[in-house]
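I have placed the structure first, in the form of structure tokens, so that the comments after it can refer back to it.
2 protein chains.
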Amino acid sequence: MSPELARFLQDCEQDFQQALPALCQPPGSDCPAVPGGLAEAGAYSLGNGGKRIRPVLCHAAAAALGAADRTRSAAPAHALELIHTYSLIHDDLPAMDDDDLRRGQPSLHRAYDEATAILVGDGLQARAFEVIAGSDVLDAAQKVAMIGVLARASGMQGMVGGQYIDIHATGTDMDLAALQAMHQLKTGALIRAALALGGIAAGASEAQLRALDDYGRHIGLAFQVVDDILDVDGDPSALGKTGGKDAAANKPTYVKLLGLDGARQEAQQLLQAALTALETFGASADRLRELARYIVERDR
Amino acid sequence: MSPELARFLQDCEQDFQQALPALCQPPGSDCPAVPGGLAEAGAYSLGNGGKRIRPVLCHAAAAALGAADRTRSAAPAHALELIHTYSLIHDDLPAMDDDDLRRGQPSLHRAYDEATAILVGDGLQARAFEVIAGSDVLDAAQKVAMIGVLARASGMQGMVGGQYIDIHATGTDMDLAALQAMHQLKTGALIRAALALGGIAAGASEAQLRALDDYGRHIGLAFQVVDDILDVDGDPSALGKTGGKDAAANKPTYVKLLGLDGARQEAQQLLQAALTALETFGASADRLRELARYIVERDR
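Line order of the protein sequences matches chains A and B. Under our numbering, think of the first position of the first sequence as 13, with each following residue one higher. Under our numbering, think of the first position of the second sequence as 13, with each following residue one higher.
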């Protein structure tokens, strides 16, 4: 990772650490306060951040389009992380993936209780749309476009649909096409939305949005292929979670279908395709290029 | 109930029965299909409609402001019912209120499974914001205003916050002020949002929105007071659910705090206050006036 990217990720994380937990306690005397325990539980999940890939991609997409700073991509970036965090909280529930740990900490329903985890997830989803609607630097047309993209990407024809397929596919056979289709919904749709939202924030043309989407489609799949590789071949202490879980749960994975070497080749091909999608962009897209490499070469 | 109101409710219900279940299977070749089982489960909940108070109030508020038909209030009305339906699905879960029946039918996690119920709820919430963003008869500023109101009303400082307080208050003592504060969040906020969204759809002034909100605040509380009365004094076959459940769960209720007669008086006073709030409106608000009476005098 270049010093520039490291610095950029650090700057982003500093903002996320400050801004995201505070979103659980919205200011304003005209609206009632969030109940204390609920705000605290929400802040617990938002503060325990992971790679923050989605909001970082959103900012990097805006930069690729010439945005001078993160001002206009801040609201959509925060909204993306709110949606991603709510989905992890609900995915960890006993009725879903039943995970006791998330990023090395007790998952929310273990740290609090199941009802709180369900409600925090529901509340973070609403807050995501509210954050975009309430931005004072985006115009109404941009907000509507972003909300439409984010709702579709995270809804039944996107992330939620992918999770539904995943839950019901465990223990069944799935070929490569079906596996890819599931991941395009489960993780791919929100990653593509991250690129679209950054592009909209910076006034991208239709052609530029298509190029960003093409990039997002490939790195979204690459992200999942690498996740599958790390589950088999990763260092549990770096991952902050137990490895080998997919195989134990008899989940369909890229490694299962392609073998470890085949999966590594697939990740490299997806990386190349993502870089090709950015060919028409100049040096302003270098951060997106480096993020693609980071996603494929990461060890956690 | 007047024949006019009965006809209006019937017309609304006909639209809801047709439009709402179809929202689980959004058209458009550019987006992936919703997985079949997920769409079916969503349609199950949306088709098994209750009183549809919120979308009906939204349409009636638009009519009070002079809207000639339901065209411009359709998207927000559908969005309100999507939010309400998702909240019922999640409230019924074992970790929350643990209800096996909803409107005389198995609740969604009983008819399907818990994971499906969590995911359908999540997906319906996203769809609510998508429906408003995607409307082709509202302008962008109206959509943004509606989405902001709906997200706040349904989020942690609204409906979700109220449900959090309710879940954690069962078995504890709560005085009248605390009970009202809880219901203003749990059910009141979304009912007030229904009025605001109908008002925004019809181009209401600030003063008109305040009057609608004042009306909504009072009927929202009245609605809950009557719910508490019916739980003690209602006909289980008309209600489609088991009565006496609140007392059995040792939940704080208006009847417990005010007695049955005191609760009936409270409902009448709230009805009068709601009607007073509409004083500056002419005959176009008669539907809202009749709905207020219907809410207080209903038997289910």
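Note that CB positions come from ideal geometry on N, CA and C, so glycine has one too.
Coarse secondary structure for residue i, derived from DSSP in three states
i, result
"R122 (chain B)", "helix"
"L233 (chain B)", "helix"
"R310 (chain A)", "coil"
"L113 (chain A)", "strand"
"P360 (chain B)", "Past the edges of chain B, shown from 13 to 312, lies residue 360 (chain B), and the structure says nothing about it."
"G211 (chain B)", "helix"
"F28 (chain B)", "helix"
"V244 (chain A)", "helix"
"S41 (chain B)", "For S41 (chain B), the predicted structure reports a pLDDT of 43, less than 50, and the residue's modelled location is therefore unreliable. A value from the coordinates is still provided. Three-state DSSP puts S41 (chain B) in coil, outside helix and strand."
"R301 (chain B)", "helix"
"R64 (chain A)", "coil"
"L191 (chain B)", "helix"
"E291 (chain B)", "coil"
"Q137 (chain A)", "helix"
"D239 (chain B)", "helix"
"L221 (chain A)", "helix"
"A1 (chain B)", "The shown model of chain B, from 13 to 312, leaves out residue 1 (chain B), and the question about it has no answer."
"V156 (chain B)", "helix"
"A74 (chain A)", "helix"
"T83 (chain B)", "coil"
"M5 (chain B)", "This structure does not reach residue 5 (chain B), given that chain B is present from 13 up to 312, and the question cannot be answered."
Residue i versus residue j - alpha carbon distance
i, j, result
"L58 (chain B)", "L269 (chain A)", "39 Å"
"Q220 (chain B)", "G211 (chain B)", "8 Å"
"R312 (chain A)", "L32 (chain B)", "42 Å"
"A80 (chain A)", "D23 (chain B)", "53 Å"
"R301 (chain A)", "R229 (chain B)", "53 Å"
"G173 (chain B)", "K198 (chain B)", "7 Å"
"I101 (chain A)", "V132 (chain B)", "15 Å"
"V314 (chain A)", "A165 (chain A)", "The question about residue 314 (chain A) has no answer here: the residues shown for chain A are numbered 13 through 312."
"E278 (chain A)", "K263 (chain A)", "19 Å"
"Q137 (chain A)", "I159 (chain A)", "12 Å"
"F235 (chain B)", "V244 (chain A)", "55 Å"
"Q169 (chain B)", "G78 (chain A)", "37 Å"
"P15 (chain B)", "L94 (chain B)", "28 Å"
"D240 (chain A)", "L272 (chain A)", "9 Å"
"G116 (chain B)", "L283 (chain B)", "29 Å"
"G294 (chain A)", "L202 (chain A)", "25 Å"
"L17 (chain B)", "R299 (chain B)", "7 Å"
"S217 (chain A)", "M13 (chain A)", "30 Å"
"R82 (chain A)", "G62 (chain A)", "20 Å"
"L233 (chain A)", "S99 (chain B)", "33 Å"
"M186 (chain A)", "Q175 (chain A)", "15 Å"
"D112 (chain B)", "A157 (chain B)", "37 Å"
Spatially closest choice to residue i from the options, by CA coordinates
i, options, result
"F28 (chain A)", "A:G215, A:A72, A:E52 and A:H90", "A:H90"
"A51 (chain A)", "B:A286, B:I177, B:G49 and B:G61", "B:I177"
"R84 (chain A)", "A:S147, A:L92 and A:R164", "A:S147"
"T97 (chain B)", "B:Y56, B:R164 and B:G49", "B:Y56"
"A74 (chain A)", "A:R305, A:I307, A:E309 and A:S296", "A:S296"
"V149 (chain A)", "A:L272, A:G215, A:V46 and A:Q236", "A:G215"
"L224 (chain B)", "B:P118, B:A286 and B:G61", "B:A286"
"A189 (chain A)", "A:I231, A:T265, A:L209 and A:F293", "A:T265"
"L105 (chain A)", "B:F293, B:I130, B:I95 and B:A87", "B:I130"
"Y227 (chain A)", "A:L191, A:R276 and A:Q281", "A:Q281"
"P88 (chain A)", "A:D103, A:A72 and A:E291", "A:A72"
"E309 (chain A)", "A:I231, A:T292 and A:L290", "A:I231"
"L242 (chain B)", "B:V46, B:V267, B:D111 and B:R222", "B:V267"
"C36 (chain B)", "B:G135, B:V161, B:A213 and B:M186", "B:G135"
"G167 (chain A)", "A:A304, A:A205, A:V156 and A:A107", "A:A205"
"Y179 (chain B)", "B:A107, B:A213, B:R82 and B:A157", "The sequence given here has Ile at residue 179 (chain B), not Tyr. Measuring from the Cα of I179 (chain B), the nearest candidate turns out to be B:A107."
"R276 (chain B)", "B:A289, B:F20, B:I307 and B:K155", "B:I307"
"Q30 (chain A)", "A:A86, A:A45, A:R19 and A:G49", "A:A86"
"V161 (chain A)", "A:L209, A:S119, A:Q192 and A:G274", "A:L209"
"T292 (chain B)", "B:R305, B:R222, B:L233 and B:L113", "B:R222"
Touch test, the stretch 136-143 of chain B against the stretch 67-85 of chain B, Cβ-Cβ under 8 Å, three pairs minimum: no
Contact list for the stretch 179-199 of chain A against chain B, Cβ threshold 8 Å: I179, H180, A193, Q196 and L197
At a Cβ cut of 7 Å, what residues of the stretch 150-175 of chain A count as close to chain B, listed as they run along the chain? A152, A153, K155, V156, I159, G160, A163, R164, S166, G167, M168, Q169, V172, G173 and Q175
Short of 9 Å Cβ to Cβ, which residues in the stretch 115-126 of chain B face chain A? H121, D125 and E126
Under 8 Å (Cβ pairs) to chain A, residues found in the stretch 274-299 of chain B: none
Any contact between the stretch 120-132 of chain B and the stretch 186-200 of chain B? By contact I mean 3 or more CB pairs, one from each, below 8 Å. no
At a CB distance below 8 Å, what residues from the stretch 53-71 of chain B approach chain C? Give them in sequence order. Of the protein chains in the structure, A and B, none is chain C.
Closer than 9 Å, Cβ to Cβ, to anything on chain A: give me those residues from the stretch 137-149 of chain B, in chain order. Q137, A138, R139, A140, F141, E142, V143, I144, A145 and G146
Output needed in chain order: residues of the stretch 92-115 of chain B with a Cβ under 7 Å from some Cβ in chain A. H102, L105, A107 and M108
Identify each residue in the stretch 205-216 of chain A for which the Cβ-Cβ distance to at least one residue of chain B is less than 7 Å, and report them in chain order. none
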